[in-house]
Amino acid sequence: MRPHFASYSRKHSTCSPAYSPELVALLTSGISRTTKPLQRHHLTSPPGLPGRANSDSDDAVLLGPLSNRREYNIRWRFFKNEWKKVYPPLHVSTQHPTSSISMDISSDPPLKFGFQDTAILQELLALAGSPSASPDPPGKQRRSQRIHNTTDANPFDGSLPLRWLRRRYQALLGRLPLLIPRPSSRDNSKRTYDVQLADNAITASRPHPPRLRYVDVDDLPWISDVDLTIPSGKRRK
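Taking our numbering, the leading residue of the sequence shown gets 998, the next gets one more, and so forth.
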């Protein structure tokens, strides 16, 4: 199934594929690709396109220009192969999901597709858990009631481990890139995007989300004692 941002029309037999700004951002980012990201010049001159496609090249002068039909086939084959290697986003965001500041975007409105104007991304973030929260430390389960307000409630039903379930959703977020429009200073500028991941997403290059361990009142004296025993000259600046 072809995503909306990769839609195209083959009405004209010699029409080259048109890359939307959303697709350009996804193709050239390593976050949103199942393989190595493309260079921008690949979009205008795909690998495998002979030099004869440029009528001013030496190959075109010696061997003649490349036929329009062959160039057309090469460009469309490259286009169809590459958009299939993209992780599709759920929608276009106007801000990072963990940020409360909405950015001013260009006059060219973002393309709406997928699950636009829905709360499905926020639901996934809630199921994946906060990256700054941590489970009860080992050996301290009997104090879990005291720190109940500082840990995430279990949103799942069943007997599967909470940590295992959260990691499944964190891995899913690693395959859902966020398309965030860049703020523009010009009113007539074309829309451009940054491709990011949610803070609690995990990928092959980031197997663990950043995590801050919980420190309770019983841990504070230990931290103070360690800090006092370290010579002042050896402390990290």
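Where is the CB? At the ideal position from N, CA and C, for every residue including glycine.
Treat the numbers as computed from the prediction; the structure is a model and nothing was measured.
Every alpha helix (DSSP H) stretch that sits fully inside the region 1008–1093 and reaches 4 residues is listed by chain position as 1018–1024, 1037–1041, 1055–1060, 1065–1080. If you ignore the 5 residues before and after Pro1158, its C-beta comes within less than 8 Å of no other C-beta in its own chain. With a contact defined as Cβ atoms closer than 8 Å, Gln1167 and Ala1123 miss out at about 12 Å. Scanning its chain for C-beta atoms nearer than 8 Å, with the 5 sequence neighbours on each side dropped, one finds around Leu1169 the residues Leu1121, Ala1125, in chain order. Rounded to the nearest whole angstrom, the C-alpha separation of Thr1041 and Ser1064 is 17 Å. A residue is called buried once 16 or more other Cβ atoms fall within 10 Å of its Cβ, and Ala1015, having fewer, is exposed.
Annotation: Tyr1069 to Thr1031 spans about 25 Å, alpha carbon to alpha carbon. DSSP, reduced to helix, strand and coil, places Asp1222 within a helical segment of the structure shown. Per DSSP, the continuous beta strand (DSSP E) segment holding Ile1177 begins and ends at 1175–1178. Here Val1192 is bridged, per DSSP, to Leu1176. Look at Arg1203 here: in three-state DSSP terms it is coil, with no helix or strand label.
In terms of Cβ geometry, Ile1220 and Arg1164 do not form a close pair [threshold 8 Å]. Contact annotation: Arg1049 and Pro1062 have beta-carbon atoms nearer than 8 Å. Residue burial annotation: Val1058 is exposed, with fewer than 16 other C-beta atoms found within 10 angstroms of its C-beta. Phe1075 and Leu1162 have their alpha carbons spaced roughly 38 Å apart. Rounded to the nearest whole angstrom, the CA to CA distance from Val1214 to Lys1082 is 49 Å. Taking C-beta separations shorter than 8 Å and ignoring five residues to either side along the sequence, the partners of Gln1193 in its chain run Ile1028, His1093, Pro1174, Leu1175, Ile1177, following chain order. Apart from the 5 residues on each side of it in sequence, Leu1046 sits with its Cβ closer than 6 Å to the Cβ of Ile1071 in its chain, given in chain order. Within the same chain, and ignoring the five residues on either side of Arg1172 in sequence, the residues whose Cβ sits closer than 7 Å to its Cβ are Tyr1084.
Pro1218 is classed as exposed because its beta carbon has fewer than 16 other beta carbons within 10 Å across all chains shown.
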